[in-house]
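Quick notes on the structure that follows.
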Amino acid sequence: MHLFTRLCGLIALVAASVSTHAGTPEQAALEQFHQSIKVGYNTLTTETSTLLRAASAYCEEPTTNHRKALNKGWLDAFLAWQAVRFVNFGPVENNNLAWQFQFWPDPKNLIARKAKTILKAEAPVTSNLIEQSGVAVQGFPMIEFLLFDEQQSIGQDALPAPRSCELLIKVAEHVNHNTEALASQWSDFRPHYLANALYQETTLKAGMTALEILEERRLAQPMGLRGNGRRNPYIADAWRSGNSLKAAKAGVAGLQNHFLPGLTTLLDARGESSLASRIRAQFNKVADNFPAADAPMQTLLGDDDRFRALQGLYVDVSQLATLVNDEAAVALGVIRGFNSSDGD
């Protein structure tokens, strides 16, 4: 949790700076959104740099300590991505960057298929190969496969096999390069973002869509509350590493840090301070009541007692989504299409 402790401190400094220099509430909100997301992108860049160094160190000297550092490096970087994953506009749209960071959902297990194809091929694993192999190869899920997939870990290509190490390092390089580009492009995007009032609604819709996806795809579908009614941990993201819930919790923390301050600034300006307070309280309730976030989703889905705790979390998230996507949307005049998370 040290990553998010540092991040919260940085966000507080950003908020103080914005409140000092901003003009109208709308301008203040845009400043809050942009500056806070910038902090998130910079944090992501720092963590992917650490991941790349850890991957190189492990493949050079595959000790137990280096492997622990590599696993931690992946998780810290992946969670840093979750914190800004809700941003679905601006530079992250360039070259399908969001998909490059995280190819999900993956109903056809394309990540495993692509990995096996590359590992069995004879062509050198180069940066050009990664760029040409598609988004299923280029991001955090591919590294997760190499680190945590059960079948992969017992095969002849298991890390630290030379070719798997080559793939690991090249994907880590690709992710780090993309985060550096994203952070730089977001900074350059600032004048356009602040000058265009439409980005207020765009940013609000991005946060609202993220809550929809959390409720429907990251919780309801694996829990069997949608579709065929069967519990299925394998349709959640980060299932190989057992970090589905930890990732969801990091996404909530990201919304609290990067989305909530601007949202409540706008609500306060519309005379909706009571609603803003209720939303803050519900965000805190969701964050505080994540059931066993360190446990794999499969563990909670397989035990009825623990599943009830997961149901409680789902209810909390649903109530938060109602407050933000219904009540706040109406208060701020945000018009949203039906089920806007479709096709995400």
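What the sequence shown shows, in mature numbering (1 follows the signal peptide of the UniProt record, and there is no 0), is residues -22 to -1, 1 to 322, in sequence order.
Cβ coordinates follow ideal geometry from the N, Cα and C atoms, glycine included.
| query | result |
| --- | --- |
| GLU250 by DSSP, collapsed to three states: which one? | coil |
| Compare the Cα-Cα distances from GLU190 to each of TYR212, ALA161 and ALA226 and report the closest residue. | ALA226 |
| Between which two residues does the alpha helix (DSSP H) containing THR277 stretch? | 275 to 279 |
| For LYS224 and MET275, I'd like the C-alpha separation in whole angstroms. | 9 Å |
| Please specify which runs of the alpha helix (DSSP H), each continuous and at least 4 residues long, are wholly inside the region 172 to 202, giving them in chain order. | 176 to 191 |
| What's the C-alpha gap between TRP82 and ASP215? | 7 Å |
| Which stretch, first to last residue, makes up the alpha helix (DSSP H) that contains TYR292? | 282 to 299 |
| Are at least three pairs of beta-carbons, each pair with one atom in the region 33 to 43 and one in the region 53 to 72, less than 8 Å apart? | no |
| Less than 8 Å separating the beta-carbons of ASP304 and VAL264? | no |
| Buried or exposed, going by whether 16 or more other CB atoms sit within 10 Å of the CB of GLU25? | buried |
| Looking only at C-alpha atoms, which of ASN20, GLY315, ALA306 and PRO239 sits nearest to ASN156? | ASN20 |
| Which whole-angstrom value describes the C-beta separation of PHE118 and PHE56, a residue pair presumed to lie in contact below a C-beta threshold of 8 Å? | 5 Å |
| Using the rule of at least 16 other Cβ atoms within 10 Å of the residue's Cβ for burial, across every protein chain shown, is SER219 buried or exposed? | buried |
| Short of 7 Å in beta carbon distance, which residues of its chain neighbour ARG45, apart from the five on each side in sequence? Order them along the chain. | TYR36 |
| May I ask which residues mark the beginning and end of the alpha helix (DSSP H) holding residue 324? | Here the chain has residues from -22 to 322 only, and residue 324 is not among them. |
| Look at the Cβ atom of MET192, then the Cβ atom of VAL312, and state whether they are nearer than 8 Å. | The displayed chain sequence assigns Leu, not Met, to residue 192. Going by C-beta atoms, LEU192 is not nearer than 8 Å to VAL312. |
| Could you spell out where the alpha helix (DSSP H) holding PHE79 opens and where it closes? | 75 to 79 |
| Would you kindly work out how many angstroms separate the C-alpha atoms of GLN134 and GLU144, rounded to a whole number? | 15 Å |
| Quick one: grab the DSSP three-state call for ALA139. | coil |
| Starting from the Cα of GLU100, find the closest Cα among ARG141, GLN129, GLU122 and ASP127 and give me that residue. | ARG141 |
| Assign LYS16 to buried or exposed, taking buried as 16 or more other Cβ atoms, counted over all protein chains shown, within 10 Å of its Cβ. | buried |
| For the putative contact between LEU238 and ARG258, defined by C-beta atoms under 8 Å, what is the C-beta separation to the nearest angstrom? | 7 Å |
| Once the 5 residues before and after GLN78 are set aside, which same chain residues still bring their CB inside 7 Å of it? | VAL113, GLN116, GLY117 and ASN156 |
| Taking only three categories from DSSP, how would you classify ARG204? | coil |
| Taking the alpha carbon of PRO242 as the reference point, which residue from GLN178, ASN106 and ALA93 has its own alpha carbon closest? | A small fix is needed here, since residue 242 is Thr in this sequence, not Pro. Checking every option, the nearest Cα to that of THR242 belongs to GLN178. |
| Just the Cα atoms here: how many angstroms apart are GLU4 and VAL302? | 18 Å |
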